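Read top to bottom, the protein sequences are chains A and B.
full-length UniProt numbering puts the first sequence at residues 1 to 230.
full-length UniProt numbering puts the second sequence at residues 1 to 230.
No residue lacks a Cβ here, since even glycine has one placed at the ideal position from N, Cα and C.
Quick caveat: nothing in here was measured; it's all calculated off a predicted structure.
2 protein chains.
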Amino acid sequence: MNPEFHTYKNPSLAVDLVVFGYHRQSLSVLLLNRKDAPFKDGWTLPGGFLQMEETLQQVCNRIMRTKIGIENLYLEQLYSFDAPQRDPRGRVISIAHYTLINPERFEIIAGKMANDVQWFPVNQIPELGFDHTEIFRQASQRLKSKILYHPVGFELLDETFTMTELQALYECILDISIDRRNFRRKILDAGFILLTGSKREGLKNRHPDLYKFNKDLKQNSFQLNISSPQ
Amino acid sequence: MNPEFHTYKNPSLAVDLVVFGYHRQSLSVLLLNRKDAPFKDGWTLPGGFLQMEETLQQVCNRIMRTKIGIENLYLEQLYSFDAPQRDPRGRVISIAHYTLINPERFEIIAGKMANDVQWFPVNQIPELGFDHTEIFRQASQRLKSKILYHPVGFELLDETFTMTELQALYECILDISIDRRNFRRKILDAGFILLTGSKREGLKNRHPDLYKFNKDLKQNSFQLNISSPQ
DNA sequence: TCTTCTTTGCGTTATTATGACACAAAGTAA
DNA sequence: TTACTTTGTGTCATAATAACGCAAAGAAGA
């Protein structure tokens, strides 16, 4: 190993997470209330430093497990944020990621580092510490773009779901209203969901068609090109 | 400042650059032949470590200046590569970027760290050191996607250009052939180039229409949706 | 049980976007 | 002068899309 190699002085490396949760037709983001400086008592995204042996995916899972109590998520790398003054403690490069979870499946707990953990609707995000407002903004934009050509978002639904539920998810994430019949046609033409015969428990007398994600989909890409009525 | 902060042991941080050059209707990538281990005498992407006070953009410019002799580029962040064994010297996270340049405008020189610097056509890239083959592959894919909805690639042309020149660039980057008349219609409908009256010098008796990039374009996004004939 | 309202599945139609291709004018080369 | 190539500008048949109708089935209320 190059002897100079580990004496090379360079910035610290961290990750920050934008955790999206979809529940009762509302899209939220998970925020931590900081117990310590900087930004003590302020809201920030969950994050943490990368340890020597960890991959980015591992550090994201570690943060979710220790700070929030959940892990094993759909995870996507977003962007690296490098402004020199973004962290008052020193030079930190943050590789931001975002995840999607169904809040009903987890019990969120504040880890020992935080006063509180709370879901905030995406249109009611408070001022955030560091450059996390910008990170959140970019994550929202990426999610909106990605859902139009990639079957993201199924992590937020049950294994089987109705067409109405799927449409509500799209309308919520994209923040638009979509014509019910055109949405159905485009989603089915895209071929990434399948009709399933099984009725869902808990729905007594309703029999709307139930669908599930088509995991055998050849190409993992399509073009929804959704637009709203009028 | 947190006293623990700078004693935190974490991976080194580097950038790698995929430098695309377009010249004589051929798309190439700039590669370095390494003078030192690891991968001595092997081809790799240009890259370097991030210094404490540098932004990502600054380190990219420094690498281009010192290793290749050019700077001030169109630059886009691509992705962070974090495989634990990607660098045999130790743990290095690389934040890959890609750039577009017109090779005619620069004289490429091998910096003191490299045996040689050479352009390779994108379909004749040799085996690369580290994980640079994968980085190159992702950069190519990103460039192909991006050019369909964002006016990238104008860095590779002169300030004014003919429709045929612009189409050749698209055909080269996308590696498809496009119907001349449909391409013209879509590009003009997108509204991101303008007709300019000025004739270009050096073209004596030819007067094809000359266009230039519309810098006043409101939204910096469109949808080309180009497809090839037949 | 009867009536009313909502939800859901499955259509149709007018408009627009797209792919394929024709043609003439002007420059180029022989 | 005569091909040949390049460039600008169309047309047209087809496909994709947005907007919307309608009937069947459940839900809700009397």
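Beta-carbon within less than 6 Å of B:Ala139's beta-carbon, same chain only, minus the 5 sequence neighbours each way: which residues are those?
Val18, Leu78, Tyr98
What's the gap between the Cα of B:Ala14 and the Cα of A:Thr162?
47 Å
Using a Cβ-Cβ cut-off of 8 Å, state whether A:Thr55 counts as contacting chain B.
yes
Give the interface partners of residue 242 of chain B over in chain A, defined as CB-CB distance under 9 Å, in chain order.
Outside the shown range of chain B (1 to 230) lies residue 242 of chain B, about which nothing can therefore be said.
First and last residue of the uninterrupted alpha helix (DSSP H) at B:Thr133
132 to 146
My parser needs the alpha helix (DSSP H) runs of 4 or more residues fully inside the segment 162 to 194 of chain A; what are they?
163 to 174, 180 to 190
What are the residues that DSSP puts in a beta bridge with A:Arg34?
A:Ala114
Segment limits, alpha helix (DSSP H) that includes A:Val59
56 to 63
Answer yes or no: does any C-beta atom of chain A fall closer than 8 Å to that of residue 246 of chain B?
This structure cannot settle anything about residue 246 of chain B, because the visible part of chain B is limited to 1 through 230.
Counting only beta-carbon atoms, is A:Phe49 nearer than 8 Å to chain B?
yes
What did DSSP end up calling A:Leu156 once you bin it into helix, strand or coil?
helix
Report yes if the CB atom of A:Phe130 is closer than 8 Å to the CB atom of A:Arg62, and no otherwise.
no
Between which two residues does the beta strand (DSSP E) carrying A:Leu17 extend?
12 to 22
Just list the residues that DSSP pairs A:His97 with in beta bridges.
A:Leu17, A:Gln77
If you draw a straight line from the C-alpha of residue 235 of chain B to the C-alpha of B:Glu71, how long is it?
There is no way to answer for residue 235 of chain B, as the model of chain B reaches only from 1 to 230.
Neighbouring residues, chain B, relative to A:Asn10 (Cβ below 7 Å)
Ser12, Leu13, Phe49, Leu50, Gln51, Met52
Tell me whether the beta-carbon of B:Ile125 lies closer than 8 Å to the beta-carbon of B:Val29.
yes
Same chain, Cβ closer than 7 Å to A:Glu104, five either side skipped, listed in chain order:
His23
If the cut is a Cβ gap below 8 Å, which residues of chain B does A:Arg86 touch?
What A:Arg86 touches in chain B: nothing, since even the nearest Cβ is about 10 Å away.
In chain A, which residues lie with their C-beta within 8 Å of the C-beta of B:Gln77?
Tyr79, Ser80
How big is the Cα-Cα spacing for B:Arg185 and A:Gln58?
48 Å
Rounded to whole angstroms, what's the CA-CA distance from A:Pro11 to B:Cys60? Just pull it up for me.
15 Å
Alpha carbon to alpha carbon, how far is A:Ile173 from A:Leu194?
22 Å
For B:Lys67, does the three-state DSSP call read helix, strand or coil?
helix
B:Asn225 versus B:Ile101 - alpha carbon distance
25 Å
Could you tell me the distance, in whole angstroms, from the CA atom of A:Thr7 to the CA atom of B:Gly90?
Below a pLDDT of 50, predicted positions are generally treated as unreliable, and A:Thr7, at 46, falls in that range; the measurement from the model is reported next regardless. A:Thr7 and B:Gly90: Cα-Cα distance of roughly 12 Å.
Less than 8 Å between the CB atoms is what I'm expecting for B:Ser198 and B:Thr160, so what's the real figure, rounded?
6 Å
Is B:Ala114 closer than 8 Å to B:Lys67 when the C-beta atoms are compared?
yes
What is the DSSP secondary structure of A:Pro121, counted as helix, strand or coil?
strand
For A:Tyr211, the first and last residue of its enclosing beta strand (DSSP E)
210 to 213
I want to see whether chain B comes within less than 8 Å of A:Ile95, judged by CB atoms only; does it?
yes
From the DSSP secondary-structure annotation, give me the bridge partner or partners of B:Gly90.
None; B:Gly90 has no bridge partner.
Can you tell me which of A:Leu143, A:Tyr211, A:Leu217, A:Phe81 puts its alpha carbon nearest to the alpha carbon of B:Leu56?
A:Phe81
By DSSP's criteria, A:Leu128 is part of a beta bridge. Which residues make up the other side?
A:Trp43
Interface partners of B:Arg91 on chain A, CB under 7 Å
Met52
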